[in-house]
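When you line the sequence shown up against mature numbering (1 follows the signal peptide of the UniProt record, and there is no 0), it's residues -21 to -1, 1 to 298, in that order. Have a look at the structure below, then the notes.
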Amino acid sequence: MKQIKNISLISLLLLAFSSCVDELDDELFTKFTNLKLSGWQETSLNIEEDNTAILPLYFGINGTSGNDKDIQIKVGFDADTLDAYNWEKYKNETSKYYQQLPEESFTLNQNTFTIKKGDLNTSGYCTIDLSLIGDLYDNYVLPLKITSSVGEPIGPNKYSKALYHIAFKNHFSGNFAGYGTIKEEGTSYTTSANGKTLYAISRNKCYMYVGNVTRDNSTDFKQYIVELTYDETTKNITLSTKNSALDLEAEPVSITRKYTKNTTDLRKYNEETVIVMNYKYNDLSEGSSARYSYEGTLTMNQSVWAKDYPDVPIEDEEE
């Protein structure tokens, strides 16, 4: 009789355990809506012919069970999160703060994004109009958050907020490696300059900082900005500046490209871009009268889709 009671007790415990497991499997996590790409996001966006760029947005629901309803999500600007990020990263170095992308410069493709019944994800996009950005030399972030979620609650901040660091891209922007030489006129001073970043501000225009100036090593880096404008007819680049105090003297910049087969992915080519530049500029540091010359050769290598370059000559790797 005692054995029968023990068997019955074990059976009840097994049933209870099985029920708990079923419930656990059904809702392993608390369900909520989220941005699939949340937190800090480095984004590289191609500039289109109409001077706009498209930022894709992705939304989802977490949890292990299915979705039995339509869920409506709205997103909005989140200036407070960017303010907090800037303070945490740079404290009182306000010249290095990331700037908020002007609200008037971007539009969502719809006011409400719907995750349909039976689905766990949906997507949309944001169109950024560069002509509505006041200062294209700033370092921009688009701060977004889920502001409304009907059907499931909004997830915690780390899943429902995003800081999209925007890097616009054209056909000659990017991070270049290479070597340059900086000389101070009238003295024997010479130093090296390694690499350069070209920041796109339109389809045929970038900007950069002269010499060894960067956003990180100078508080007045904006004084040292020069623009590079690509001429589709001559295939050359001209240097110019809005800051007359630099007294910029520059020779035309040459740009050449070479394409080779990508042996690991036959759908792509290896593209090598080489830029050669030579210019002179003034040191704008307080109390300085120095003038410098820069000569350098910069190289950028990247993989590109072969379908986008149907007519380019393909060279052998050995050449």
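For every residue, glycine included, the Cβ atom is placed at its ideal position computed from N, Cα and C.
{"Check": "For Gly153, the residue or residues it bridges with in DSSP", "Outcome": "Leu177"}
{"Check": "Spatially closest choice to Ile133 from Glu250, Cys105, Gln281, Val54, by CA coordinates", "Outcome": "Val54"}
{"Check": "Residue burial classification, Lys140 (beta-carbon count within 10 angstroms, cutoff 16)", "Outcome": "buried"}
{"Check": "Contact check, Tyr138 vs Leu14, beta carbons under 8 Å", "Outcome": "yes"}
{"Check": "Separation of Leu24 from Lys148, as counted between CA atoms", "Outcome": "6 Å"}
{"Check": "Contained beta strand (DSSP E) runs [length at least 3] in the stretch 78 to 140, N- to C-terminal order", "Outcome": "85 to 87, 92 to 94, 100 to 108, 119 to 129"}
{"Check": "Gly39 - partner residues in DSSP beta bridges", "Outcome": "Asn13, Asn100"}
{"Check": "CB of Asp226 within 8 Å of CB of Asn261, strictly", "Outcome": "yes"}
{"Check": "Trp19 and Leu142 closer than 8 Å at C-beta", "Outcome": "yes"}
{"Check": "Span separating the alpha-carbon of Ser110 from that of Ile145", "Outcome": "15 Å"}
{"Check": "Range of the contiguous alpha helix (DSSP H) that encloses Leu227", "Outcome": "From DSSP, Leu227 is part of no alpha helix (DSSP H); its letter is neither H nor E."}
{"Check": "Ile26 versus Ser181: straight-line alpha-carbon distance, rounded", "Outcome": "7 Å"}
{"Check": "Rounded C-alpha distance that separates Asn196 from Lys75", "Outcome": "10 Å"}
{"Check": "C-alpha gap between Asp114 and Thr176, whole angstroms", "Outcome": "18 Å"}
{"Check": "Whether Gly42 touches Ala172 by CB criterion (8 Å)", "Outcome": "no"}
{"Check": "Between the CA atoms of Ala224 and Asp295 - distance to the nearest angstrom", "Outcome": "46 Å"}
{"Check": "Which residues DSSP lists as bridging Leu245, in chain order", "Outcome": "Per DSSP, none; premise fails for Leu245."}
{"Check": "Where Leu24 falls: helix, strand or coil (DSSP)", "Outcome": "strand"}
{"Check": "Presumed contact (8 Å Cβ cut-off) between Tyr178 and Ser152, rounded CB distance", "Outcome": "6 Å"}
{"Check": "Asp57 classed as buried or exposed, judged by whether at least 16 other C-beta atoms fall within 10 angstroms", "Outcome": "buried"}
{"Check": "Backbone secondary structure at Leu263 - three-state DSSP", "Outcome": "coil"}
{"Check": "At least 3 beta-carbon pairs within less than 8 Å: the stretch 243 to 250 vs the stretch 281 to 289", "Outcome": "yes"}
{"Check": "Residue burial classification, Leu207 (beta-carbon count within 10 angstroms, cutoff 16)", "Outcome": "buried"}
{"Check": "Pair within 8 Å by beta-carbon distance, Thr86 and Ile52", "Outcome": "no"}
{"Check": "Per-residue DSSP class, three states only, for Ser223", "Outcome": "helix"}
{"Check": "Residue burial classification, Ile(-15) (beta-carbon count within 10 angstroms, cutoff 16)", "Outcome": "With a pLDDT of only 47 at Ile(-15), under the threshold of 50, the placement of this residue in the model should not be trusted; the figure read from the coordinates follows. Looking at its Cβ environment, which holds fewer than 16 other Cβ atoms inside 10 Å, Ile(-15) is exposed."}
{"Check": "Which of helix, strand or coil DSSP assigns to Asn257", "Outcome": "strand"}
{"Check": "Where the beta strand (DSSP E) containing Asn280 begins and where it ends", "Outcome": "270 to 284"}
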